[in-house]
Amino acid sequence: MTARGRHRRHRPSTVTRASMRVTAGGAGLAIPLVGAHFAQAAPVETWNKVAACESGNKWDINTGNGYYGGLQFSQSTWRAYGGTAYAARADLATKSEQIAVAEKVLEGQGPGAWPTCGPRAGLSRGSADPDSGQKAAKAASESKSKSASEPKSDSASKSAKARAQEEKAEERARTDAKARAERARQAKADRAKQPTTYEVVSGDSLSGIAEARSVEGGWQGLYERNRSTVGDDPDLILPGQDLRLTGAAEKAPKASGSSSGTAKKPEKTEKPEKSGKADKAEKAAKPKSESKSASKSAAKAQDKKAGSSSSATAPVSGVSPSTPYRASGSSWSSGYHTGVDFPVPTGTTVKAVTSGKVVSAGWADSYGYQVVLRHADGKYSQYAHLSAISVRAGQSVDTGQRVGRSGSTGNSTGPHLHFEVRTGPGYGTDIDPLAYLRGKGVKI
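Under mature numbering (1 follows the signal peptide of the UniProt record, and there is no 0), read the sequence shown as residues -41 to -1, 1 to 403, first letter to last.
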């Protein structure tokens, strides 16, 4: 299920289209679920966490965005995994029926079907049992049928058998819970393992790498460990460079010739005498040469001035915004969308809309990696959900200079750029970002 990315509370799932063919009238899909107790492979508590993340635990939600129910199924996924055997759409099905279909999706696509909320809730492909809900429903139906047909005289022995079955089921549930806990512990341990080196890719910066990898000493410490690789300019790193994330700092290189005693003075060479005619020719040529050099320097300075004096530019090139400013909805904590979203793929260059100074550059909770700039007119611009940051706090930037690359960090369900313009550096001081850009001559 694909969706335009958004931030904060409203996060529809990005489950991809199902590639497997499933017949809605297939055997086992039409088993009635009323009164059945589901023995889910993934605990109901886990699905509750996913639903809380996806829809605020509203199992009958239908906001009109193409995703339905507590687990935000697209219609194609609901149909492909047999959901229409229960109801026409996911929001019309019960919670138990939605979970039964979700188990099939989890087995087929893994927790990536809910890219943000699934892993956060602890889902894993290994815990999926797509037949668990139907097995439980079938067992409940058979048990009810047998109880009605057996003589009352056998009720005592049947009760004993039922108790034994319950104990066996409880033991199995405990075993499954332990296995899931062990898998979760192992996954957490694997995530905790930090690599000792990192290969630079396009769009990286030392500050972004240091923050993403929790490098001791920040970008300064990372630079000190890799001075010989990076060189004299910490702002210039190249794709393919291998950086050490741990270990001691490298010693600063000694200045050449500092330990060799008194340096030899270059020998003077006698200049040939110039004739008076040559002197006159040199004097005539010198002003002309100096004039040409001065005109070249002036032209370069003018070009530079023209390049950096552009009033404003769009934060990304050639893309119109998707979710507009002040789009209303209870899913946003302020009741409306505080910026505009540009649907661009991960790695797209994000530019400063006008010159300014970097107020902050780093992690910002639901906004993921972000950059905030303060401009000469007193306004602030924010660029959120970045995959890479190219600047650092305190740095001055020009109009159109790259500040980072787009991504899907923080509370985001798909790659996009969230762009805001504010009257202050913090949340809640937003103004219309498109009106701001248009006021500076940007056509968008």
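Idealized CB from N, CA, C, for every residue including glycine.
State the Cα-Cα distance for the pair residue i and residue j, rounded to the nearest angstrom.
i        : j      : result
Lys263   : Arg144 : Its pLDDT being 42, under 50, Lys263 is placed unreliably in this model, and the value from its coordinates should be taken loosely. Near 56 Å, if we compare the C-alpha coordinates of Arg144 and Lys263.
Ser164   : Arg131 : 50 Å
Pro246   : Ala271 : Since pLDDT at Pro246 reaches only 48, below the 50 mark, its modelled position is unreliable, and no value is offered.
Phe378   : Tyr284 : 10 Å
Asp192   : Thr308 : 22 Å
Pro302   : Val278 : 7 Å
Gly176   : Ala46  : 56 Å
Gln360   : Arg333 : 14 Å
Arg203   : Arg184 : 6 Å
Lys338   : Ala44  : 55 Å
Arg133   : Lys127 : 10 Å
Asp324   : Asn370 : 8 Å
Gly363   : Ser276 : 14 Å
Ala146   : Arg79  : 12 Å
Glu62    : Ala119 : 32 Å
Arg142   : Gly327 : 27 Å
Tyr182   : Trp73  : 37 Å
Val317   : Val330 : 7 Å
Arg(-36) : Glu209 : For Arg(-36), the predicted model reports a pLDDT of 42, less than 50, meaning its position is unreliable; a value from the coordinates is still stated below. Whole-angstrom Cα-Cα distance: 43 Å.
Asp357   : Gly383 : 20 Å
Ile196   : Glu170 : 16 Å
Val174   : Glu129 : 46 Å
Gly(-7)  : Ala1   : Any reading at Gly(-7) must be qualified, since the residue scores a pLDDT of 37, below 50, and its modelled position is unreliable; no value is offered.
Gly398   : Arg139 : 56 Å
Val401   : Trp6   : 46 Å
Arg186   : Val380 : 37 Å
DSSP state of residue i, grouped into three classes?
i           : result
residue 428 : Outside the shown range of the chain, which is -41 to 403, sits residue 428, and nothing can be said about it.
Thr372      : coil
Tyr182      : helix
Arg397      : helix
Gly(-14)    : Any reading at Gly(-14) must be qualified, since the residue scores a pLDDT of 38, below 50, and its modelled position is unreliable; no value is offered.
Arg364      : strand
Asn7        : helix
Ile348      : strand
Gln329      : strand
Gly167      : helix
residue 408 : For residue 408 there is no data in the structure shown, the boundaries of the chain being -41 and 403.
Ala138      : helix
Val309      : strand
Ser281      : coil
Ser33       : strand
Pro74       : coil
Lys402      : coil
Nearest CA to the CA of residue i: which residue from the options?
i           : options                           : result
Lys54       : Trp178, Tyr27 and Gly288          : Tyr27
Gly41       : Gly67, Ile403 and Asp389          : Gly67
His375      : Gly288, Pro304, Tyr395 and Lys310 : Pro304
Ser346      : Val160, Ala115 and Asp135         : Val160
Gly23       : Asn16, Gly15 and Gln34            : Gln34
Ala343      : Thr297, Glu158 and Gly337         : Thr297
Val350      : Lys17, Ala320, Ser314 and Asp300  : Ala320
Ser281      : Val299, Val275 and Gly294         : Val299
Trp37       : Val362, Ser367 and Gln57          : Gln57
residue 450 : Gly25, Gln31 and Glu4             : Given a span of -41 to 403 for the chain in the structure shown, any question on residue 450 remains unanswerable.
Glu13       : Ile348, Val401 and Thr372         : Thr372
Thr313      : Ala10, Val60, Pro274 and Ala1     : Pro274
Thr368      : Ser289, Gly167, Val189 and Val318 : Gly167
Gln179      : Arg139, Asp391 and Thr205         : Thr205
Arg172      : Trp322, Ile403, Ser340 and Val331 : Trp322
Cys76       : Lys310, Lys8, Ser340 and Gly315   : Lys8
Gly25       : Arg48, Ala10 and Ala39            : Arg48
Ala39       : Val60, Thr155, Gly398 and Asn21   : Val60
Gly387      : Ile20, Asn21, Ala394 and Gln341   : Gln341
Gly306      : Lys402, Thr5, Ser365 and Thr155   : Ser365
Glu4        : Gly69, Val64, Ile20 and Leu82     : Leu82
Ile348      : Ala140, Ala394 and Asp194         : Asp194
Can you tell me which residues form a DSSP beta bridge with residue i?
i      : result
Thr156 : Arg203
Arg381 : Tyr339 and Asp389
Ser287 : Tyr295
Ser161 : For Ser161, which the question treats as bridged, DSSP gives no partner whatsoever.
Gly321 : Gln329
Asp300 : His377
Ser355 : Lys316
Asn21  : Tyr27
For chain C, check one thing: does any of its Cβ atoms lie closer than 8 Å to the Cβ of residue i?
i      : result
Thr134 : Judged by its chain identifiers, the structure shown contains no chain C, having just a single protein chain.
If you measure from the CB of residue i, is any heavy atom of the ligand ZN nearer than 7 Å?
i      : result
Asp191 : The ligand ZN is absent from the structure shown, which contains no ligand whatsoever.
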